[in-house]
Ligand code: GLA
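Numbering (my numbering), first residue to last: 2 to 375.
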């Protein structure tokens with residue numbers, strides 16, 4: 002065979018076998034004209050230990066959120082002690098891969114150490130002390146990553162499901178203006194960072210109304226805020242109409258919308274979701290954990306269809322939505338293996354336990370492609 006023929010054959014081989022591999026569709030490419038696609042990362046992922054997942058993460062996602070690394074308990078475990086070891090790795094990972102880096106979160110009633118709200122004798126602190134602690138925390142954490150973390154979940158889950166304000170120690174000790182103060186402190190610490198209000202079940206009409214009132218109060222104080230719908234969904238709730246209504250209601254306020262913690266629980270519910278809270282921990286029974294040997298095809302298809310329907314709503318509202326973030330990368334690392342029942346085998350994400358795309362992945366990509374073609 003002549004040298005030019007060999008070259009030609011080598012070229013054809015490259016086109017046939019190599020390029021299709023590189024051109025293989027990824028989430029971030031499929032949605033590049035619509036919104037960012039993110040994932041929440043755990044420490045072994047952003048510190049580089051979970052080697053098999055790193056290439057998946059960098060290929061598929063262009064935004065990251067820290068599953069736990071930036072929560073108060075992790076970065077500020079004791080009054081005079083900050084620990085940024087994990088958080089620094091998280092931010093470095095995002096920078097190394099040119100990702101949109103999210104900070105999560107600053108003011109929450111959960112995963113916040115008891116000392117924050119107490120004096121040395123264990124009694125509740127007064128308003129001024131708690132405000133000072135809040136300001137110190139926010140200015141230290143946000144200030145450390147000023148210009149590097151692009152947006153912050155400033156307040157997480159301030160509302161009850163009926164739309165009233167949650168009786169958290171923040172509300173009880175400081176009063177309602179803890180909300181405005183938190184956003185003002187965050188803005189002071191990084192005037193260019195985007196600031197978010199983040200919560201679950203905002204698709205419930207009453208809770209949505211409470212969030213709208215809260216955002217309007219912030220807006221009246223000149224605070225620019227965007228809203229994060231966590232998006233912890235089940236097969237049959239919320240309905241796609243409720244999701245659509247919620248996105249529209251928030252975008253009508255002139256705020257950007259993000260889906261910040263998306264997953265779809267594929268297992269039987271142990272109780273009415275409206276009665277669940279972060280501490281829920283039901284007894285592990287086999288009927289609550291039916292798919293320990295793999296997801297039956299029929300359920301796999303139901304999950305794919307649910308994801309297709311959800312993404313059809315997101316795509317319809319693409320002018321309002323800036324980011325869709327999954328709460329985890331593969332089914333193996335989802336919190337839904339532990340909540341609201343510990344030790345289950347759940348299937349809530351787009352990649353299986355061996356990092357392989359599931360039918361739900363194909364369904365989501367198809368939804369993006371069908372949006373592109375008229
Ligand atoms: C909430 C929080 C997240 C995470 C999930 C469960 O949605 O905002 O940080 O803790 O619960 O993992």
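By construction, the Cβ of each residue, glycine as well, lies at the ideal position given by its N, Cα and C atoms.
Owing to the predicted nature of the structure, the values given are computational and were not obtained by experimental measurement.
How would you label residue 299, buried or exposed, when you count the other beta carbons within 10 angstroms and need 16 or more for buried?
Flag for residue 299 reads exposed.
Alpha carbon to alpha carbon, how far is residue 195 from residue 153?
Distance between the alpha carbons of residue 195 and residue 153 is about 6 Å.
What's the C-alpha gap between residue 149 and residue 141?
Each residue's alpha carbon lies about 14 Å from the other.
Got a sec, what are the start and stop residues for the alpha helix (DSSP H) residue 186 sits in?
Taken as a continuous stretch (DSSP letters only), the alpha helix (DSSP H) holding residue 186 covers 179 to 190.
Tell me, which residues are paired with residue 37 by DSSP?
Under DSSP, residue 37 shares a beta bridge with 324.
Is the closest heavy atom of the ligand GLA to the C-beta of residue 317 under 8 Å?
No, since every heavy atom of the ligand GLA falls outside the 8 Å radius drawn around the Cβ of residue 317.
Report the option in 208, 355 and 235 whose CA atom is closest to the CA atom of residue 266.
When C-alpha distances from residue 266 are compared across 208, 355 and 235, the shortest belongs to 235.
What does DSSP give as the partner residues of residue 259 in its beta bridges?
Under DSSP, residue 259 takes part in a beta bridge, and its partners are 229 and 324.
Taking a contact to mean a Cβ-Cβ separation below 9 Å, would you say residue 180 touches residue 143 in this structure?
Not closer than 9 Å, so no.
Output the residue ranges of the beta strand (DSSP E) runs that lie fully inside the region 61 to 120 and measure 3 residues or longer, sorted by chain position.
Considered as a whole, the region 61 to 120 harbours 64 to 67 and 101 to 108 as its complete beta strand (DSSP E) runs of no fewer than 3 residues, in chain order.
Would you identify the three-state DSSP class for residue 280, choosing helix, strand or coil?
For residue 280, the three-state secondary structure derived from DSSP is coil.
Buried or exposed: where does residue 22 fall if 16 or more other Cβ atoms within 10 Å of its Cβ makes it buried?
Only weak support is given to the placement of residue 22: the predicted model assigns it a pLDDT of 32, under 50, and the value that follows is read from those uncertain coordinates. An exposed status is given to residue 22, since fewer than 16 other beta-carbon atoms sit within 10 Å of its beta-carbon.
Should residue 110 be counted as a contact of the ligand GLA given a C-beta to heavy atom distance under 8 Å?
Residue 110 Cβ: outside cutoff for every heavy atom of the ligand GLA.
When you compare the region 168 to 180 with the region 127 to 142, are there three or more beta-carbon pairs, one atom per stretch, that lie closer than 8 Å?
With a cut-off of 8 Å, the region 127 to 142 and the region 168 to 180 count as touching, because enough Cβ pairs lie within range.
Cβ contact check for the region 94 to 112 and the region 79 to 86: 3 or more pairs under 8 Å
As far as the Cβ criterion goes, the region 94 to 112 does not touch the region 79 to 86, which means the pair count is below three.
Buried/exposed call for residue 371, threshold 16 Cβ in 10 Å
Exposed is the call here.
DSSP state of residue 144 mapped onto helix, strand, coil
DSSP places residue 144 within a helical segment (H, G or I) once states are collapsed to three.
Take every Cβ of the region 206 to 223, pair it with every Cβ of the region 311 to 325, and state whether three or more of those distances are shorter than 8 Å.
Output reads no: the region 311 to 325 does not touch the region 206 to 223.
How is the alpha helix (DSSP H) around residue 172 delimited, first residue to last?
In this chain, the alpha helix (DSSP H) harbouring residue 172 covers 170 to 175.
Tell me whether residue 197 counts as near the ligand GLA, meaning its Cβ is closer than 8 Å to at least one heavy atom of that ligand.
No, the Cβ of residue 197 stays beyond 8 Å of every heavy atom of the ligand GLA.
Spatial neighbours of residue 396 within its chain, please: CB distance less than 8 Å, with the 5 preceding and 5 following residues excluded, ordered by chain position.
Residue 396 is absent from the structure shown; the chain starts at 2 and stops at 375.
Would you mind stating whether residue 67 and residue 87 have Cβ atoms separated by less than 9 Å?
Going by C-beta atoms, residue 67 is nearer than 9 Å to residue 87.
Distance, residue 38 Cα to residue 60 Cα:
Their Cα atoms are separated by approximately 11 Å.
When 230, 241 and 46 are compared against residue 322, the one with the closest alpha-carbon:
Among 230, 241 and 46, the Cα nearest to that of residue 322 belongs to 230.
Whole-number beta carbon distance between residue 32 and residue 369, since they are thought to touch under 8 Å:
Taking a contact as a CB-CB distance under 8 Å, the pair residue 369 and residue 32 counts as one, their CB atoms being some 5 Å apart.
Which whole-angstrom value describes the C-beta separation of residue 327 and residue 289, a residue pair presumed to lie in contact below a C-beta threshold of 8 Å?
The pair is not a contact, with the Cβ atoms about 23 Å apart (cut-off 8 Å).
Would you say the region 250 to 265 touches the region 274 to 287, given that touching needs at least three Cβ pairs under 8 Å?
No, they do not touch.
Bridge partners of residue 153, per DSSP?
Looking at the DSSP assignment, residue 153 forms a beta bridge with 104 and 196.
Residue span of the alpha helix (DSSP H) that contains residue 251, given as start and end:
Boundaries of the alpha helix (DSSP H) around residue 251: 241 to 252.
Check whether the Cβ of residue 338 sits closer than 8 Å to any heavy atom of the ligand GLA, and report yes or no.
Not under cutoff, so the answer is no.
Considering just the uninterrupted stretch of the alpha helix (DSSP H) at residue 217, what are its terminal residues?
Per DSSP, residue 217 is one residue of the alpha helix (DSSP H) stretching across 206 to 221.
Helix, strand or coil for residue 237? Go by DSSP, reduced to three states.
Coil at residue 237, not helix or strand.
Hey, is residue 44 close to the ligand GLA, as in C-beta under 8 Å from one of its heavy atoms?
No, since every heavy atom of the ligand GLA falls outside the 8 Å radius drawn around the Cβ of residue 44.
Inter-residue Cα distance where the pair is residue 358 and residue 224
Separation of residue 358 and residue 224 (C-alpha to C-alpha, rounded to the nearest whole angstrom) is 40 Å.
Go ahead and pull the three-state DSSP assignment for residue 28.
Here DSSP, grouped into helix, strand and coil, assigns residue 28 to helix.
Helix, strand or coil for residue 265? Go by DSSP, reduced to three states.
The answer is strand: DSSP assigns residue 265 an E or B state.
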